[in-house]
């Protein structure tokens, strides 16, 4: 199968064969103490809506994609299985150790080919927030249409501010429909660079959302990361048989540890092989408590998540209080963040939200 | 008995007849949520030493004074009795409602005269902190010597800083020993006035410590607050008999609500009847969390009170953490104050310590 001669099954109704892969990794250490090594961000009901981020993610893709495959760490497999019982156990792919995103996504691609033949696969992080599922799915449908023709497609989020927290996609010449060439990927910019990109226009945030045919991905990988490609094919061949444990034990730790951005997106974009489909839906990675407060509250107001007991203030603007089993009063501290989990209490302010990533280590050092 | 002809028993060994009165009132609302209406400051082990402030106070006066009388609210009588079992139940004088310090101290004076005849009484708040008990008692002995001769004596604390939190005593002409006339009492000054007083010298902090003969106090009261004087004498006469409840119910609420400073100290000082004995011992009223942190910790270091679990910091100078059953991490907030009681969690900073008095009301308004 090549781009010139696509699988007719995909052409006839690719949505039937779209397979979503959800890499569920990353602790989310700036959300400590909610996030913990044994309870990473994707397992959290971060907004107190009653659904965890991975449950939201699965619910969001299910109308598009009958088959959902989740790739996660072995230690999280039981929790993931319990949270998303609709995903069959066979589709919970467990990693013995983190080998970065390329190994996870490539193993998923190889397993999909092994089990079901070539398909369009879409990969979305397990811990992002997208309120408008329908707008998201419309963009994925367009991305899948472009992917069918052999492009690696990245969904580019329309920037709403000159954020320095994300990489940017420089959009090039128009392709069919809404798709455009990717001229280049840029790393997270400084504030001045970000402001310049927003002023010039033609840039989108890179939210790590990739849509591509499994054969296209694995074909690029054969050229660009042959060891990794061979390794995941070997593991996939053994996955559903008696040799899985032996092969994984032998091969997994030899897989090149690299992000899909560096392994595929950047070099293939340089060859003209990556398209971007712009998505204008609201998207948040909710990476820290400042984002969570921004997302959850009216400006200057109190935000309480995951708790029923009152929060009061004296001369204190807009606290975010998460969890806990007692009333909380904040006095004289603006933008306070007070988070209580079973394990610990965090006290900080929104402007220090990035430093929370060092909290667990500071506690371990006491 | 007059100043010219003192009770020979007092002259012979006044320490045997010194009776200490401890007015135990005041919630200490700036120490919320540790302090609560049902658990006022004097019942707290504020420094985590294993002794509450009233226990400390009783222990401090016991070597001076065989008889200790505590005046407290009816709702606190059981807790006080449990904390200081060495004080006989008959010496726990309960007020049906707060009528300010003059009513409490005057009732104690009248009860002392009723039960044991004229004595020197010394009155000390139940919720102050004095680390050096021996130095304190030496000052009280000197004050009692001066009181024996008919003066109302106030112990004046040597100022260590130009505090705006206390009233000041302006010291006048020398009397015998270390005693001096009180030229005047001044209200809590502003910062400039306080600095001026410290620079000029001759001022002491008024810590509300009064030593005087019961007959001297009640004599002044007969002249200056006759209704109050008659009321406490009537209550005292009935106190140890069957009519107590009826008399208290009828008379208590008619007693003038006034502080001893305004009822006695200021007008009698204007007549030349008040002496001050300087005390150079360390004294703290520990009125708020800023004082508690100052008192408990090395500058810039973490202070943990009433808890065993760790406190860690990231980019956060000198937090004070009181109580609680979980590790606490403070990130990016200098001088944070985190207090957990059974009832609530307070998050503030030392510079806002005064505003904590509004916390309970803010919570009640939620």
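Protein chains in written order, with full-length UniProt numbering: chain E, 1 to 366; chain U, 1 to 366.
Backbone N, C-alpha and C fix where the C-beta goes; we use that ideal spot for every residue, glycine too.
Check                                                                                                                       : Outcome
Reduced DSSP category for residue 128(E) - H, G, I as helix; E, B as strand; rest coil                                      : coil
DSSP state of residue 320(U) mapped onto helix, strand, coil                                                                : strand
Under the three-state DSSP convention, the category residue 23(U) falls into                                                : strand
Presumed contact (8 Å Cβ cut-off) between residue 102(E) and residue 345(E), rounded CB distance                            : 38 Å between Cβ atoms; not a contact.
Short CB-CB distance (under 8 Å) between residue 345(E) and chain U                                                         : yes
For residue 340(U), the nearest candidate out of 327(U), 64(U), 252(U) and 109(U) (CA to CA)                                : 327(U)
Residues bridged to residue 181(U) (per DSSP)                                                                               : 275(U)
Buried/exposed call for residue 60(U), threshold 16 Cβ in 10 Å                                                              : buried
Residue range of the beta strand (DSSP E) that includes residue 333(E)                                                      : Segment: none, residue 333(E) is in no beta strand (DSSP E) and carries neither H nor E.
Short-range partners of chain U found in the region 326-341 of chain E, where Cβ spacing is below 9 Å                       : 326, 327, 328, 329, 330, 331, 332, 333, 336, 337, 338, 340 and 341
Residue 358(U) burial status per 10 Å Cβ neighbour count (16 or more: buried)                                               : buried
Residue from 37(E), 281(E) and 338(E) whose Cα sits closest to the Cα of residue 157(E)                                     : 281(E)
Rounded C-alpha distance that separates residue 309(U) from residue 319(U)                                                  : 14 Å
Residue 164(U) burial status per 10 Å Cβ neighbour count (16 or more: buried)                                               : exposed
Whether residue 23(U) touches residue 110(U) by CB criterion (8 Å)                                                          : no
Neighbouring residues, chain U, relative to residue 358(E) (Cβ below 7 Å)                                                   : 314
Beta-carbon proximity check, residue 86(U) vs residue 58(U), cutoff 8 Å                                                     : yes
Whole alpha helix (DSSP H) elements within the region 94-155 of chain U, 4-residue minimum                                  : 100-116 and 133-148
Span of the beta strand (DSSP E), counted from its first residue to its last, around residue 213(E)                         : 203-213
Proximity test, Cβ basis, 8 Å: residue 304(U) and chain E                                                                   : no
Buried/exposed call for residue 17(E), threshold 16 Cβ in 10 Å                                                              : buried
Inter-stretch contact (C-beta, 8 Å, three-pair minimum) for the region 270-277 of chain U and the region 286-297 of chain U : no
Terminal residues of the beta strand (DSSP E) in which residue 72(E) lies                                                   : 67-73
Any C-beta of chain U under 8 Å from that of residue 213(E)                                                                 : no
Min CB distance residue 298(E) to chain U below 8 Å                                                                         : no
Inter-residue Cα distance where the pair is residue 133(E) and residue 225(E)                                               : 34 Å
Assigned secondary structure, residue 365(E) (DSSP; H/G/I helix, E/B strand, else coil)                                     : coil
Span of the alpha helix (DSSP H), counted from its first residue to its last, around residue 174(E)                         : From DSSP, residue 174(E) is part of no alpha helix (DSSP H) but of the beta strand (DSSP E) over 167-174.
Contacts of residue 349(U) in chain E (Cβ-Cβ under 9 Å)                                                                     : 331, 332 and 333
Continuous beta strand (DSSP E) stretch holding residue 346(U): start and end                                               : 345-349
Contact under 8 Å by Cβ, residue 92(E) with residue 70(E)                                                                   : yes
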